[in-house]
Amino acid sequence: MKGKILSSLKTCRKAVAVACKKVNLFSILAATAIMSTPVMQAEAVDLFKGGKTTIQDTFGSGSTIIWILYTLEILACIFTYIKTKNLAMFASVAAVLVFVNVAFGVIPQPK
3 MKGKILSSLK TCRKAVAVAC KKVNLFSILA ATAIMSTPVM QAEAVDLFKG GKTTIQDTFG
63 SGSTIIWILY TLEILACIFT YIKTKNLAMF ASVAAVLVFV NVAFGVIPQP K
């Protein structure tokens, strides 16, 4: 058993030696330079500051997106009721509308 372990370690050492010979000196220097660059803080101006009112008008309460979601949900509930004849599917529109109201209430609005 001892001989097998030593022979496997020798082949491992040979493989590492061959790999080290094939590695390019430039790639080692490039990797060292990339890893040794300091991490610095980035400072920037908010470019989308003027677009916050547009986002509020589009996605806020009473916006076009919410009315489109409501309409699509109602149409989907009617379609599933017609296909399945299951009143639970038709009544699920109330649960989905409550979920959308809660979800849009939880999402923070830009100030």
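Sequential numbering from 3 applies to the sequence shown in the numbering used here. All C-beta atoms, glycine included, are put in the ideal place defined by N, C-alpha and C. Quantities reported herein were computed from a predicted structural model and do not represent experimental measurements.
- Residue 28 sits away from residue 68, with the two beta carbons spaced by 8 Å or more.
- Contact between the segment 35 to 49 and the segment 73 to 91 is absent: fewer than 3 CB-CB pairs across the two stretches fall below 8 Å.
- Assignment of residue 96 by DSSP, reduced to helix, strand and coil, places it in the helix class.
- Only residues of its own chain outside the window of five on either side were considered, and among them none has a CB closer than 7 Å to the CB of residue 32.
- Shown here, residue 47 sits in coil according to DSSP, grouped into three states, outside any helix or strand.
- Per DSSP, the unbroken alpha helix (DSSP H) holding residue 37 starts and ends at 27 to 37.
- If you draw a straight line from the Cα of residue 59 to the Cα of residue 92, it comes to about 30 Å.
- Take the alpha-carbon of residue 76 and the one of residue 90: they are about 13 Å apart.
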